[in-house]
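In this text, residue positions in the sequence shown follow the numbering used here: the first is 87, and each later residue adds one.
Heads up, the thing below is written out as structure tokens.
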Amino acid sequence: MPNVTVQARVSSELKQEAEAVFAAIGMSTAEAIRVFMQQAVNSGGLPFQPTAKIPNAETTQAMTELEDGGGETFETTDELFENWKR
Numbered sequence: 087m088p089n090v091t092v093q094a095r096v097s098s099e100l101k102q103e104a105e106a107v108f109a110a111i112g113m114s115t116a117e118a119i120r121v122f123m124q125q126a127v128n129s130g131g132l133p134f135q136p137t138a139k140i141p142n143a144e145t146t147q148a149m150t151e152l153e154d155g156g157g158e159t160f161e162t163t164d165e166l167f168e169n170w171k172r
């Protein structure tokens, strides 16, 4: 059976971020898409559990604290880590 072309529109930012991930594991974007599609066929559905990027409770609390004018600031990372040890 001959190969066919699959096209999808994505933002340039998403494309760049995904390409960086694929390159880090030695794959091209085309190879990653082929693997994804094959795994979808093999598993009979998405080969992963879709999730949203939701901050954990600690991060959400820190973000709220900063939005409310709280939190601490440091001039250097050394100062930050010195304060963190206490």
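We treat Cβ as the ideally placed atom computed from N, Cα and C, and that holds for glycine.
Just so it is clear, the structure is predicted and the values come from calculations on it, not from any experiment.
Check	Outcome
Inspect the beta-carbon positions of Thr115 and Ala104 and report whether they are closer than 8 angstroms.	yes
Output the distance between the C-alpha atoms of Ala126 and Arg120, rounded to the nearest integer angstrom.	10 angstroms
Kindly indicate which three-state DSSP category Met87 falls into: helix, strand or coil?	coil
Once you ignore the five residues that flank Phe108 on each side, which residues in its own chain have a CB closer than 8 angstroms to its CB?	Ser114, Thr115, Glu117, Ala118
Just to confirm the assignment, what range does the alpha helix (DSSP H) spanning Gln147 have?	143-153
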